[in-house]
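Engineer: My questions all concern the structure below.
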Amino acid sequence: MAIPILAKVSIMEISPPIRKLVMVGACYVDTILTVPHFPQEDNKLRARRLERRRGGNVANTLEVLQQLPAVDGRELNLFLLCVLPAKTSPGTKLVRDSLAEKVNTQHCIYREDHTEPASSYIIKADDTGSRTIVNYNELPETKLEEFQEKVMAISAQSPGRMWFHFEGREVDTSVACMRWLKKQYPDVLLSTEVEKPNREGLEMMASEADVVFYSKSWADAKGYRSAEELLKTEAQSLAKASFLFCTWGADGATVLRRQDNIYASSKARVPEDFRVVDSVGAGDTFIAGALHAILNQLDSGDGVAASALRAGNHLAVRKIMQEGFAGLS
Ligand code: FRU
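Going by full-length UniProt numbering, the first residue of the sequence shown is number 222, and it counts up by one from there.
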């Protein structure tokens with residue numbers, strides 16, 4: 222594939238600093254079965270372990286973010302904006318309890334006529350480290366008007382600039398929300414993830430964002446052979462994004478900084494005893510590390526983008542070596 226010359230994009234302005242991060246997406250209850258190998262269709266297999274925990278991309282990211290240290294004594298105010306079942310339902314309690322440390326869940330949208338949360342059934346195969354996810358969600362998605370009402374409440378709660386991260390979900394509504402945010406709050410910054418290959422139109426969300434996170438599964442589905450090839454090609458249609466990240470499984474991740482079209486790749490140093498224990502949410506953990514570095518403008522000498530890449534990789538590797546998300550700070 223011929224790779225076109227890239228236009229330069231001026232870098233997003235993070236001064237004055239941003240202290241409010243709102244994560245927009247869905248929460249799941251994950252039921253995880255650990256099996257010795259992936260089962261054969263129409264067969265029986267005994268699992269080694271069963272675990273039930275709160276999942277969902279943005280909730281996973283928030284669970285990690287709430288553990289990361291404040292930089293220069295300035296805390297990030299973390300908000301979850303998602304649809305949940307009835308306020309008193311066990312699923313809602315599980316979500317709120319898991320994020321109780323530091324995340325504000327007060328502005329979630331509660332569907333009082335639903336008792337069941339969105340659910341994922343996950344098969345984790347010990348021999349390959351793969352995780353296969355089947356999910357079910359009957360909660361009606363957030364509408365633009367509901368989103369606007371919640372954002373106005375978050376903005377009124379305390380002054381200051383906001384950053385919104387969008388999980389790639391219903392594209393039309395998400396794009397409308399992103400455009401409305403930029404109009405209503407001109408200094409807002411936006412990030413999004415382009416993760417699920419079966420969700421059409423995520424490119425439209427990417428073109429509204431200041432930072433974009435691509436997954437390897439999306440890259441594979443689009444026929445890209447490397448993270449760099451994806452970033453170079455996708456960047457052509459992104460007029461706004463300052464940083465584009467692409468994770469590449471065991472090969473680490475790559476970032477493209479649009480200001481000067483510099484690429485950086487990084488593979489986390491893995492300890493000798495490295496073993497895949499739990500890769501569910503590894504990408505969500507990468508995003509937590511990267512967002513924490515960007516929002517706090519952490520720079521270990523080669524720029525914020527490269528530092529964010531390393532921070533994301535480092536945390537993702539640690540996460541893969543353990544069950545769940547606790548104790549990653
Ligand atoms: C992992 C995850 C799970 C959840 C599923 C939703 O990234 O967020 O926790 O069940 O993906 O698609």
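Glycine is no exception: its CB is placed at the ideal position from the N, C-alpha and C atoms. Since we're looking at a predicted model, the values are computed, not measured.
(1) Comparing alpha-carbon positions, which option in Asp-520, Thr-349, Leu-286 and His-335 lies nearest Ser-319?
(2) Give every residue of the same chain whose Cβ lies closer than 6 angstroms to the Cβ of Ile-508, excluding the five residues on either side of it in the sequence, and list them in chain order.
(3) If you measure from the beta carbon of Ala-339 to each beta carbon in chain D, is any gap under 8 angstroms?
(4) Is Ser-500 near Arg-274, with beta carbons less than 8 angstroms apart?
(5) What are the residues that DSSP puts in a beta bridge with Arg-275?
(6) Looking at the secondary structure, which residues open and close the beta strand (DSSP E) in which Pro-306 lies?
(7) Three-state secondary structure (DSSP) at Asn-534?
(8) Can you find a heavy atom of the ligand FRU that lies under 7 angstroms from the Cβ of Asn-281?
(9) Where does Asp-293 land, buried or exposed, given buried means 16+ other C-beta within 10 angstroms?
(10) Tell me whether Asn-264 is buried or exposed, calling it buried when 16 or more other Cβ atoms sit within 10 Å of its Cβ.
(11) Taking the straight line between their C-alpha atoms, what separation do you get for Val-485 and Phe-546?
(12) By the three-class DSSP mapping on this structure, what secondary structure does Cys-467 have?
(13) Would the beta-carbon of Glu-499 be found less than 7 angstroms away from any heavy atom of the ligand FRU?
(14) Quick check: what's the CA-CA separation for Leu-271 versus Glu-262?
(15) Taking C-alpha atoms, which residue in Gln-457, Leu-266, Asp-431 and Val-230 lies nearest to His-386?
(16) Could you check whether the Cβ of Ser-341 sits closer than 7 angstroms to any heavy atom belonging to the ligand FRU?
(17) Under the assumption that His-328 contacts Lys-371 (Cβ atoms under 8 angstroms), give the Cβ distance between them as a whole number of angstroms.
(18) Restricting to Cα atoms, I'd like to know which of Phe-495, Arg-479 and Leu-530 is closest to Lys-488.
Structural biologist: This is what the structure gives:
(1) Comparing alpha-carbon positions, the option among Asp-520, Thr-349, Leu-286 and His-335 lying closest to Ser-319 turns out to be Leu-286.
(2) Same-chain partners within the cutoff: Thr-282 and Phe-434.
(3) In the structure shown, chain D does not exist; there is a single protein chain.
(4) Their beta carbons are not under 8 angstroms apart, which means Ser-500 does not touch Arg-274 by this criterion.
(5) In the DSSP output, where bridge partners are listed per residue, Arg-275 has Val-250.
(6) Where Pro-306 is concerned, the enclosing beta strand (DSSP E) stretches over 298-306.
(7) In the structure shown, Asn-534 adopts helical secondary structure according to DSSP, grouped into three states.
(8) The answer is yes for Asn-281.
(9) By the Cβ neighbour-count rule, Asp-293 is exposed, with fewer than 16 other Cβ atoms within 10 Å of its own.
(10) So Asn-264 ends up on the exposed side.
(11) Sequence inspection shows Ala at residue 485; the Val mentioned does not correspond to that position. Near 27 angstroms, if we compare the C-alpha coordinates of Phe-546 and Ala-485.
(12) Cys-467 sits in a strand when the DSSP states are folded into three classes.
(13) In the sequence as presented, Glu is not what sits at residue 499; that position holds Asp. For the ligand FRU, no non-hydrogen atom lies closer than 7 angstroms to the CB of Asp-499.
(14) Roughly 20 angstroms between the two C-alpha positions.
(15) The shortest Cα separation from His-386 among Gln-457, Leu-266, Asp-431 and Val-230 belongs to Asp-431.
(16) Yes; taking the cut-off as 7 angstroms, the Cβ of Ser-341 has a heavy atom of the ligand FRU nearer than that.
(17) With 8 angstroms as the limit, His-328 and Lys-371 qualify as a contact, their Cβ atoms being about 5 angstroms apart.
(18) Its Cα nearest to that of Lys-488, the residue Leu-530 stands out among Phe-495, Arg-479 and Leu-530.
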